[in-house]
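A.B. asks: Have a look at this one before I ask anything.
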Amino acid sequence: MVVVDGANVVGSVPDGWWRDRRGAAERLRDRLRGYPEPVEMVLVVEGAARGVASVPGVRVESAPGSGDDRIVELVRDEGRGRRCLVVTADRGLRARVTELGAEVAGPRAMNFGGNRGLTG
């Protein structure tokens, strides 16, 4: 399972995302599509991006409060007994999920910043 901290990953690229947070989350969701089938892709959104719809290959979770808290819940409740990767640059969140056994990667792993990241 790959859990993506939507706000953190979107915020890592200064492309004007702040003018349309929901649209930025939708663009990220669409970029996450197409990973090989055994990978369960989960995008966690919060704030103005809440309500972004899931699409085939990407489950979108709208955090009712803190996105970080929702990510921790997902790792704790659904990551047990399986490999779980959390994509975020948030140091506090990284510490919280590694305590639960998850692996972590930064936003570049999502193919931002010119590298191939998780895509190859």
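Terminal number for the sequence shown in the working numbering: 121, no gaps in between.
Built from N, CA and C at the ideal position, the CB exists for glycine as well.
1. When the Cα of G102 is compared with those of V88, R77, R109 and G24, which residue comes out closest?
2. Which residues mark the beginning and the end of the alpha helix (DSSP H) in which L101 is found?
3. Looking at the strands, I want to know which residues DSSP matches up with V46.
4. Within the same chain, show all residues whose beta-carbon is closer than 6 Å to that of W18, passing over the 5 residues directly before and after it, in chain order.
5. Hey, how far is the Cα of R20 from the Cα of S55?
C.D. replies: Quick answer:
1. As a position in the sequence shown, residue 102 is number 101, starting the count at 1. For G102, the nearest C-alpha among the options comes from R77.
2. Sequence index remark: in the sequence shown, residue 101 carries index 100 (1-based). Per DSSP, L101 belongs to no alpha helix (DSSP H) and is neither H nor E.
3. Taking the sequence shown and counting its residues from 1, the one referred to as residue 46 is at position 45. The partner list for V46 (beta bridge, DSSP) reads S63.
4. Counting from one through the sequence shown, the residue named residue 18 turns up at place 17. So the list reads V11 and A25, once near-sequence residues are dropped.
5. Numbered from 1 along the sequence shown, position 19 holds the residue referred to as residue 20. Numbered from 1 along the sequence shown, position 54 holds the residue referred to as residue 55. The straight-line gap from Cα to Cα measures roughly 22 Å.
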